[in-house]
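Have a look at the structure below before the remarks.
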Amino acid sequence: MRRLTFLLRPGWVILALLVAGFAYLCFSVLAPWQLGKNTSTSHRNDQIAASVDAEPVPVEQLVTASGPAADDDEWRRVTATGSYVPDSTVLVRLRSVDGGPAYEVLAVFRLDDGREVLVDRGYVQPVDGTRPPQVADPPTGRQTLNARLRMSEGTVPGKDPVTEEGFRQVYFVDAGQVGRVLGTDLIDGYLQLEADQPGSFEPIPLPQLDAGPYLSYGLQWLAFGIMAPLGLAYFVRAEVRERRKERAAARTAPSGDNSPAPDTPAPVPSTEPDRPASTRSADAPLSTQPTVSAKLADRYGKTR
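Quick look at the structure:
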C-alpha cells in the first residue's frame, strides 16, 4: 500500500474524480438518453408499420368519454364525422418540412357526439420565407375525415402563443394550449389529416421507418464509461512500474566504497607527487551517481 501513496497527491486525486464523474455520466445520463431514444423510435416505427395495412376505425372507439386515447393507439388510422368549427384556424410557426420552412394549419372539428378535436390540416409554405400566406377556411357542413391519431406534443415555458399577421400562432401542436387560445375544451390529442381530405393542405409526411443511430451512440457511451476507468488503471500501473524501476536502480547504484573488489588488482602507487585538487584533469569523473538529467532521459527519452 505504501507504493500507492502517490495517488493521494492533488493531481492524481483530481484525475480520479474527473474519470469517476465522466463514467457516472456515461452510465446514468448519456447512454440511457440515447438508448431511450432508440427504444421510443423503434416503438413509433412499429406503430406506423402496423397502421399501414390496418383498417381505419371511428375515432370515438379510441377516444372515449372517460379519457384520451392510449399511447399505444398513436398513429392509428381513424375516421371522424362531424363539421369544422368556424373561425378556429391556428397556425403552428417555425416548422420544417422536407428541410424547408413551413406553417402547419390547425382547426377544430366537432364530432357528431358533440366533442371537439383538434385537426392538423397539413402545411403551407411561407411567403418571402417568413410571412404566412392566405389560408382558406375549411369547408362547412358535415364532413368525414380520414386521419391518423396523434398525441399532443406538449409545450415549453417561454414559447407562448402570439398573434401576428392576423393569425393566432403557436409553437406546438398541443390540444390543451390551443384549446386555451380558442377558449374551448378539446380532446387530448389531435388528428393528422391524410392526403385529399376535406379542408386539407399538403399532408405532413410520415417519419422515415429508420431507428437512426441512437443504438450505436448508446453503446459508444457505455464503451467510453468502461474505457475511462481502464485508462486510469493503465496509467496508475505504468507509474507504479516506473517507480519500481527507479528503486531498483537506486539499490544497484555504487555506494561510494573505494576498497578494491575481490579479484581486482590493487592499484599501482603513483610515482608522481600529489597535486592539488585544482590541478586535476577537468574531465576526471567527480561522482558515479546518476545525475537528474540522466534519470529524466532514461525515463522520458533523450531530448536536445
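For the sequence shown, the residue numbers in my numbering are -10 to 293. Where is the CB? At the ideal position from N, CA and C, for every residue including glycine.
Just checking my contact of residue i with residue j at CB under 8 Å: how many whole Å lie between their CB atoms?
i      : j       : result
Asp105 : Leu175  : One point to set straight first is that residue 105 is Glu, not Asp, in the sequence displayed. Sure, about 5 Å apart at Cβ, within 8 Å.
Leu180 : Val108  : 5 Å
Val113 : Phe190  : 5 Å
Ile37  : Leu204  : No, Ile37 and Leu204 are not in contact; Cβ-Cβ is about 18 Å, not under 8 Å.
Ala136 : Glu183  : 6 Å
Thr68  : Ala96   : Not confirmed; about 17 Å, so no contact.
Met140 : Asp60   : 6 Å
Gly188 : Pro115  : Incorrect: roughly 20 Å between the Cβ atoms, too far for contact.
Val225 : Arg(-8) : With a Cβ gap of about 11 Å, Val225 and Arg(-8) do not count as contacting.
Phe16  : Gly147  : That pair is no contact at about 32 Å.
Should residue i be labelled buried (16 or more other beta-carbon atoms within 10 Å of its own) or exposed?
i       : result
Ser270  : Since pLDDT at Ser270 reaches only 47, below the 50 mark, its modelled position is unreliable, and the value read off the structure follows with that caveat. The residue in question, Ser270, is exposed, as its Cβ has fewer than 16 Cβ neighbours within 10 Å.
Lys0    : Sequence check: residue 0 is Gly here, not Lys. Exposed: under 16 other Cβ atoms inside 10 Å.
Ile193  : buried
Arg236  : exposed
Gln166  : buried
Gln123  : exposed
Val18   : exposed
Arg110  : buried
Ala164  : buried
Val170  : buried
Pro82   : It should be pointed out that residue 82 corresponds to Arg in this sequence rather than to Pro. By the 10 Å Cβ count, Arg82 comes out buried.
Arg(-2) : exposed
Identify, in the order they occur along the chain, each residue of the same chain with its Cβ nearer than 6 Å to the Cβ of residue i, setting aside the five sequence neighbours on each side.
i       : result
Val151  : Gln158
Phe161  : Glu142, Thr144
Phe156  : Leu80, Pro121
Leu221  : Val8
Asp76   : none
Pro47   : Thr68
Thr(-6) : none
In chain order, what residues of the same chain lie with their CB nearer than 7 Å to the CB of residue i, ignoring the 5 residues before and after it?
i      : result
Gln209 : none
Arg99  : Gly71, Ser72, Val74, Glu105
Gly118 : Pro90
Arg84  : Ala91, Tyr92, Glu93, Tyr112
Pro218 : Val8, Ala12
Ala58  : Leu51, Val52, Leu138, Gly178
Asp272 : Reliability fails at Asp272, whose pLDDT of 49 lies under 50, so the model's placement of it is uncertain and the value that follows must be treated cautiously. Taken in chain order, the list of residues that qualify is empty.
Pro45  : Arg66, Val67, Thr68, Asn135
Gly207 : Ala20, Gln23, Leu24, Asn27
Gly298 : Nothing in the structure corresponds to residue 298, since the chain is present only between -10 and 293.
Asp102 : Glu49
Ala266 : Note on Ala266: pLDDT 48, under 50, position unreliable in the model; the coordinate value appears next. Answer for Ala266: no residue qualifies.
Going along the chain, which residues of its own chain have a beta-carbon closer than 8 Å to the beta-carbon of residue i, five neighbours each way excluded?
i       : result
Arg120  : Glu154
Leu(-4) : Val2, Ala5, Val225
Gly201  : Lys26, Asn27, Thr30
Asn34   : Pro196, Leu198, Asp199, Ala200
Ala43   : Arg65, Arg66
Arg233  : Arg(-8)
Gly130  : Ser72
Legend entry - Entirely enclosed alpha helix (DSSP H) segments - the stretch 155 to 236, minimum 4 residues: 164 to 171
Inset, instruction - Check whether the stretch 25 to 33 touches the stretch 47 to 54, taking contact to mean three or more Cβ pairs, one atom from each stretch, closer than 8 Å. - result: no
Inset, instruction - Run through the stretch -5 to 80 for me and flag every whole alpha helix (DSSP H) of 4 or more residues, listed as ranges in chain order. - result: -1 to 14, 20 to 41, 48 to 51
Legend entry - Entirely enclosed beta strand (DSSP E) segments - the stretch 84 to 109, minimum 3 residues: 89 to 100
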